[in-house]
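Notes follow the structure.
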Amino acid sequence: MENAANYTRRLQKSGAKARKSLGQNFLIDDRIIEEIAAVSVGDPEQPIVEIGPGLGVLTRVLARKAEKIWAVELDREKVTLLQRELQGLPVDILNMDALKLDLTTIWGDQKGVLVGNLPYYITSPLLMHFLEQKDSLQSMVVMVQKEVADRLIAKPGGKDYGILSVAAQISAQGEKLFEVPPQAFWPAPKVTSAVVRFNLRPYPGLHVSEKDFFRVVKASFSQRRKTLGNSLAGGLSLDKKVVIEILAEAGIDQQRRAETLSIEEFQAVTEAVLNKSGHT
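Here's what the structure looks like:
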């Protein structure tokens, strides 16, 4: 099979362009492409959805390993190219916004794998959209900006830890597999990327609804530089005295900041909020 760099150059000569407005940077490093495919495909019969296939460089390799792939591409010009270049391969190309994709519409009640080189400008919304569909996913293997990867796997206490960290870790076990330098792409971005794998699973020991839990988490991070007492009072529209009582019940010092709380501590705060008010 034609190597990725030559394949990309050929398509470039035929008029294929990277659209900056859609955050398009195409992977051209064969070694990294093979590594991503290797960690993405375990069972060949398991369905795969690829987000943002672009020129189809990774898609071609995945199609050698998996029996069924859906490739979701917003750029109509790239869809036409993909239909030509991937003809004969087990790939359905969906010309749509990935933020509108409901996984049950393509593979029903099965659990599949999501793979993607996610555009930097909508990485967080895309991740949140698919984390909310964890019941339809066995795993996700995504390439994101390195700083986003660090946020996804961050532990409490550091500047990287935030809502995205909690959302990812409440839905999955994640690990950063390897970093990808700018020269592995055409055109080369200005930042280093990283490949992260998530194994989706319900968080063990969660005793409150995710709706209530995330309402409290978002309120806690709503004024990140303020103490937890002030952030919660503002984010939940509660009197500061009530918030102090809630935090005392949860065993949390009101002077702490949201980025220091573990998932278990956020759960304790949520339970205390529910006990105090009956709702958040």
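The numbers in full-length UniProt numbering rise by one with no breaks, and the one at position 103 of the sequence shown is 103. Backbone N, C-alpha and C define an ideal beta-carbon position, used for all residues, glycine too. Please read these numbers as outputs of a predicted model, since none were measured by experiment.
Item                                                                                                                                                                   : Value
Taking only the alpha-carbon atoms, compute the straight-line gap between residue 113 and residue 254 and give it to the nearest angstrom.                             : 41 Å
DSSP on residue 171, reduced to helix/strand/coil?                                                                                                                     : helix
Just to confirm before moving on: does the CB-CB distance between residue 118 and residue 126 stay below 8 Å?                                                          : yes
Report all residues from its chain with a CB closer than 8 Å to the CB of residue 222; omit the five preceding and five following residues, and keep chain order.      : 231, 234 and 235
I'd like the list of long-range same chain contacts for residue 71, defined as Cβ closer than 6 Å, with 5 residues on each side in sequence excluded.                  : 50, 53, 59, 91 and 93
So, under 8 Å CB-CB, residue 228 and residue 256 are touching, yes? Tell me the CB distance rounded to an integer number of Å.                                         : 5 Å
Along the alpha helix (DSSP H) that carries residue 79, what are the first and last residues, could you check?                                                         : 76-85
Tell whether a beta-carbon distance below 8 Å holds between residue 169 and residue 263.                                                                               : yes
Which class does residue 40 belong to by DSSP, given the choice of helix, strand or coil?                                                                              : helix
Can you find the residues in the same chain that come closer than 7 Å, C-beta to C-beta, to residue 313, ignoring five residues on each side of it along the sequence? : Since the first and last residues shown for the chain are 1 and 280, residue 313 lies out of range.
Which stretch, first to last residue, makes up the beta strand (DSSP E) that contains residue 12?                                                                      : Looking at the DSSP string, residue 12 is not in any beta strand (DSSP E); the run it does join, the alpha helix (DSSP H), is 4-13.
What does the Cβ neighbour count give for residue 3, buried or exposed, with the cut at 16 atoms within 10 Å?                                                          : exposed
Between the alpha carbons of residue 57 and residue 205, how many angstroms are there, rounded?                                                                        : 41 Å
Looking at the unbroken beta strand (DSSP E) that takes in residue 275, where does it start and where does it end?                                                     : Where residue 275 is concerned, there is no enclosing beta strand (DSSP E), although the alpha helix (DSSP H) it sits in stretches over 263-277.
So the candidates are 13, 18, 10 and 14; which of them puts its Cα closest to the Cα of residue 186?                                                                   : 18
Which residue marks the beginning of the alpha helix (DSSP H) containing residue 214, and which one marks its end?                                                     : 210-220
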